[in-house]
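Novice:
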Amino acid sequence: MQEDNIAIEVKDLKKEFKVSSSGKGILGKLQALFHRRHKVITAVDAINFKIKRGEFVGYVGENGAGKSTTIKMLTGILVPTSGSAEVNGIVPYKNRKKNAAKIGVVFGQRTQLWWDLPVCESFDLLRVIFRVSRFDFNRQMEKLEKALGLKPLLEMPVRKLSLGQRMRCDLAASLIHNPPVLFLDEPTIGLDVLAKENIRNFLSEINREEGTTIILTTHDMNDIEQLCKRLIILEEGRIMFDGETEFLKQKFVHEKVIEVEFHEVGCVIQGIPGVTVVREQGCKKWLTLDNDNSGIGEVIGTIASQYKIKDISVKEPSVESIIRNIYDNRIRLSTP
Amino acid sequence: MEAIKIYLTLFATSIKARMEYKASFLFYIFAILSFYIGQIGLLFVLLNRFHQIKGWTMGEMVFLYSLHAFAYGFTNLIFSQLINFDKMVVDGEFDRVLVRPLSPLGQVMFSKFEVSTAAHLIIGSTALYFGSHLAGIVWTLNKALLFPVIVGGGVLITGGIRLMVTAVAFWTLRNQSLVHTVIFSSKEFINYPVNIYNNGMQFFLTFIFPIAFINFYPAHFFLDRSGEGLLHPALEMGTPIAGIIVFTISIFTWRVGVNHYQSTGS
Chain R
1 MQEDNIAIEV KDLKKEFKVS SSGKGILGKL QALFHRRHKV ITAVDAINFK IKRGEFVGYV
61 GENGAGKSTT IKMLTGILVP TSGSAEVNGI VPYKNRKKNA AKIGVVFGQR TQLWWDLPVC
121 ESFDLLRVIF RVSRFDFNRQ MEKLEKALGL KPLLEMPVRK LSLGQRMRCD LAASLIHNPP
181 VLFLDEPTIG LDVLAKENIR NFLSEINREE GTTIILTTHD MNDIEQLCKR LIILEEGRIM
241 FDGETEFLKQ KFVHEKVIEV EFHEVGCVIQ GIPGVTVVRE QGCKKWLTLD NDNSGIGEVI
301 GTIASQYKIK DISVKEPSVE SIIRNIYDNR IRLSTP
Chain H
337 MEAIKIYLTL FATSIKARME YKASFLFYIF AILSFYIGQI GLLFVLLNRF HQIKGWTMGE
397 MVFLYSLHAF AYGFTNLIFS QLINFDKMVV DGEFDRVLVR PLSPLGQVMF SKFEVSTAAH
457 LIIGSTALYF GSHLAGIVWT LNKALLFPVI VGGGVLITGG IRLMVTAVAF WTLRNQSLVH
517 TVIFSSKEFI NYPVNIYNNG MQFFLTFIFP IAFINFYPAH FFLDRSGEGL LHPALEMGTP
577 IAGIIVFTIS IFTWRVGVNH YQSTGS
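Sequence order for the protein chains is R and H.
Taking my numbering, the leading residue of the first sequence gets 1, the next gets one more, and so forth.
Taking my numbering, the leading residue of the second sequence gets 337, the next gets one more, and so forth.
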């Protein structure tokens, strides 16, 4: 039995895909007709984690790291190759209907709404499908309308909505039955800054006020910094970090990034011990210093003595740069 | 039942969605009707040219045709969305079906409105009227009661076959060629009495791909024909059983298929 305060529990969860590879050119394709060569790709490789009720978890990784595959197993879309998962105490891929009633799902790339119908009719249909009483529906809709500014959109057919408008409607649609667990697969993809901000405010509000457990996959590290207390980082199907976002920042906060803008392009920084050039763009260079920061003044001094500097600043690393470093294998983490 | 109410709502929605494009909707009805007017015309041409095939009079053959048209029409009404189902699999549209608290198959079946059904049923009724008349069928109470049962069995057979072919898409992604061969082309086999084929073919259409149960076998009962020429006389009444068997297998295939669904990348 599962403890009551656990919303999601994943044990040795694994998903393999068989990909048939056909050869190049017409001849290769013809060969493939008779001789199917299969390649097995492990999208999610025996991962383990537990998520408590009310947590807001960021689930990140590069494309193909296995984020969406995990979400799809937890929502009952995919059946795992091995291992197990429970959401609200239900095995999603064995008990799809029961699971669906207790989760909300938003896929940023795909709408849950009826393309040709006005938004309000989609909502009403979902009300029927999720067996929500009219009373509960009206109460919930009132809240959602206000929080997401849906009023002017309700009569519009979904196909005429902008991406940001559609995403607001999709979010509302996923919450009609007030699910205890919400899965968001790239909900801010392709949105402008203002739309992103609106959605973030809304998500943090329902997490705080309704205690909704939220799992969010995203490529936007601002989403993570603003919303997710906890972060799970995936790489090639394995979890390489699982812990507090703050911890990740703390751990690397002592590593400063120096942003230097030179007067001319092509300045070479060499031979300063402990200094690595992380990024270059035009006249700008970003440097990191090894753990010991005592030499920061010296480093700046050395550079200044070699080249003419237009501007220089010392920054704390953002979560994004930390994660980029993790991807690039510059930082090795052991999973706690 | 609450589930039925939900499905009916889904169904009504699909009609509404379709009506959003009014011109296309009307044109579609027009196209379907002209197609069937052509079909009825063909039937009458055949009627006048031939008089008998393998001991079957033209009236009897028209009756055969009507049984098939009814089964096919109702199947189209209930299972029409299955024809293009592979698109849902390729596009990953099936994802959203799986995250709703309703049976996936039910959702797929009720997500589309198929007008052509009405046309099938019109041609079925026309054929039934002329067939009964020409073949001189005596409609007893027994026959009248059994007619819907036989049509129901036929729907289970055609629907089951369609469902199995559909489920193949979970493995192969695209299945249009299979759909066209198995669902559309195979229909032609039973526009004629099955005893015009050799024994091997009859066996195939009875036990392997049992579409002979849709019209050929039950027609013996309605037409008061002796079942002696058949592979076995009891086959006359086999339609409901064949329907249940085919449909059970197809549901099983579908379930296995759903668990094999791969979705799409990201």
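Ideal Cβ placement from N, Cα and C applies to all residues, glycine included.
In this text the structure is predicted, and so the values were computed from the model without any measurement.
Ignore the nearest five residues each way along the sequence and tell me which others in L74 of chain R's own chain have a CB closer than 7 Å to its CB.
Specialist: I8, A85, V87, P92, F183.
Novice: Assign I312 of chain R to one of two classes, buried (16 or more other C-beta atoms within 10 Å of its C-beta) or exposed (fewer than that).
Specialist: Label assigned to I312 of chain R: exposed.
Novice: Cα separation between S334 of chain R and G237 of chain R?
Specialist: For S334 of chain R, the predicted structure reports a pLDDT of 46, less than 50, and the residue's modelled location is therefore unreliable. The matter cannot be settled from this model.
Novice: Under DSSP, the beta strand (DSSP E) around G61 of chain R begins and ends at which residues?
Specialist: Here the beta strand (DSSP E) through G61 of chain R covers 56-61.
Novice: Pick out the complete beta strand (DSSP E) segments inside the segment 214-247 of chain R, 3 residues or longer, and give them in chain order.
Specialist: Those beta strand (DSSP E) runs which fall completely within the segment 214-247 of chain R and span 3+ residues are 230-235, 238-244.
Novice: Rounded C-beta distance between G490 of chain H and A405 of chain H? I'm assuming under 8 Å.
Specialist: In fact, because the Cβ distance is near 10 Å, the residues do not count as touching under 8 Å.
Novice: Report the option in H:I585, H:F399, H:I342 whose CA atom is closest to the CA atom of N551 of chain H.
Specialist: Checking every option, the nearest Cα to that of N551 of chain H belongs to H:F399.
Novice: Determine the chain H residues that contact A100 of chain R at a beta-carbon separation under 7 Å, and present them in chain order.
Specialist: Simply V435, R436, P437.
Novice: Hey, is F347 of chain H's beta-carbon within less than 7 Å of any beta-carbon in chain R?
Specialist: No - not a single Cβ of chain R is within 7 Å of the one on F347 of chain H.
Novice: Are three or more beta carbon pairs between the segment 422-429 of chain H and the segment 455-470 of chain H nearer than 8 Å?
Specialist: The answer is no - the segment 455-470 of chain H does not touch the segment 422-429 of chain H, with fewer than three Cβ pairs under 8 Å.
Novice: Would you report the Cα separation of A414 of chain R and K14 of chain R, rounded to the nearest angstrom?
Specialist: Within the shown structure, residues of chain R are numbered from 1 to 336, placing residue 414 of chain R beyond reach of any answer.
Novice: If you draw a straight line from the alpha carbon of H556 of chain H to that of S562 of chain H, how long is it in whole angstroms?
Specialist: Each residue's Cα considered, the two are about 7 Å apart.
Novice: In whole angstroms, give me the CA-to-CA distance for N442 of chain H and K315 of chain R.
Specialist: Correcting the residue identity first, residue 442 of chain H is Gly in this sequence and not Asn. Spanning the two alpha carbons is a distance of roughly 57 Å.
Novice: Could you have a look at N48 of chain R and say whether DSSP puts it in helix, strand or coil?
Specialist: Three-state result, N48 of chain R: strand.
Novice: Give a yes or no on whether the C-beta atoms belonging to L125 of chain R and T349 of chain H are separated by under 7 Å.
Specialist: Against a cut-off of 7 Å, the Cβ pair of T349 of chain H and L125 of chain R comes out as a contact.
Novice: For A503 of chain H, I'd like the list of residues in its chain whose CB is within less than 7 Å of its CB, leaving aside the five on either flank, ordered along the chain.
Specialist: Cβ neighbours of A503 of chain H beyond the five flanking positions: T589, W590, G593.
Novice: For T575 of chain H, which residues in the same chain have their Cβ closer than 6 Å to its Cβ, ignoring the five residues on either side in sequence?
Specialist: Excluding residues within five positions, the ones whose Cβ falls inside 6 Å are I486, G489, F549, P554.
Novice: Pick out the complete alpha helix (DSSP H) segments inside the segment 54-127 of chain R, 4 residues or longer, and give them in chain order.
Specialist: DSSP runs (the alpha helix (DSSP H)) wholly in the segment 54-127 of chain R: 67-74, 96-101.
Novice: Applying a beta-carbon distance threshold of less than 7 Å, which residues of chain R neighbour D422 of chain H?
Specialist: In chain order: nothing, as chain R lies at least about 17 Å away.
Novice: Taking one C-beta from the segment 504-520 of chain H and one from the segment 530-542 of chain H each time, how about it: are there three or more such pairs within less than 8 Å?
Specialist: The segment 504-520 of chain H, when compared against the segment 530-542 of chain H, does not touch it at the 8 Å Cβ threshold.
Novice: If you follow the beta strand (DSSP E) that R279 of chain R is part of, which residue opens it and which one closes it?
Specialist: Taken as a continuous stretch (DSSP letters only), the beta strand (DSSP E) holding R279 of chain R covers 275-281.
Novice: Give, in chain order, every residue of the segment 57-78 of chain R whose Cβ lies closer than 9 Å to some Cβ of chain H.
Specialist: Flagged, chain order: N63, G64, K67, S68, T69, K72, T75, G76, I77, L78.
Novice: Taking 7 Å as the limit between beta carbons, can you name the residues of its chain near D192 of chain R, skipping five residues before and five after?
Specialist: So the list reads G164, once near-sequence residues are dropped.
Novice: Give the straight-line distance between the Cα atoms of T462 of chain H and D560 of chain H, rounded to the nearest whole angstrom.
Specialist: So the two alpha carbons sit approximately 21 Å from each other.
Novice: Here's a check: name, in chain order, each residue in its chain whose Cβ is nearer than 7 Å to the Cβ of I342 of chain H, leaving out the five neighbours to either side.
Specialist: These residues qualify, in order along the chain: L438.
Novice: With the cut-off set at 7 Å, would you say S174 of chain R and V119 of chain R are in Cβ contact?
Specialist: The answer is no: Cβ separation not under 7 Å.
Novice: Any beta-carbon of chain R closer than 7 Å to the one on D560 of chain H?
Specialist: D560 of chain H does not count as touching chain R.
Novice: If the cut is a Cβ gap below 7 Å, which residues of chain H does I215 of chain R touch?
Specialist: Those do not exist, as I215 of chain R stays about 14 Å from chain H at its closest Cβ, beyond 7 Å.
Novice: Please report the distance separating the alpha-carbon of H38 of chain R from that of P440 of chain H.
Specialist: Going from the Cα of H38 of chain R to the Cα of P440 of chain H covers about 29 Å.
Novice: Which value, in whole angstroms, describes the spacing of the CA atoms of L482 of chain H and F558 of chain H?
Specialist: Rounded to whole angstroms, L482 of chain H to F558 of chain H spans 9 Å at the Cα level.
Novice: Across which residues does DSSP place W475 of chain H in a beta bridge pair?
Specialist: For W475 of chain H, which the question treats as bridged, DSSP gives no partner whatsoever.
Novice: How should H177 of chain R be labelled, buried or exposed, when 16 other C-beta atoms within 10 angstroms of its C-beta is the threshold for buried?
Specialist: Per the 10 Å Cβ criterion, buried.
Novice: Suppose you measure from the CA of R385 of chain H to the CA of M397 of chain H; what does that come to, to the nearest Å?
Specialist: When rounded, the distance between both Cα atoms is 13 Å.
Novice: Using a C-beta cutoff of 7 Å, does Q112 of chain R count as contacting chain H?
Specialist: Answer yes: the Cβ-Cβ gap between Q112 of chain R and chain H drops below 7 Å somewhere.
Novice: Closer than 8 Å is the cut-off here; do at least three beta carbon pairs connect the segment 258-277 of chain R with the segment 295-311 of chain R?
Specialist: At 8 Å Cβ cutoff, the stretches touch.
Novice: Would you say I51 of chain R and G108 of chain R are within 7 Å of each other, going by their C-beta atoms?
Specialist: No, the Cβ-Cβ distance between I51 of chain R and G108 of chain R is not below 7 Å.
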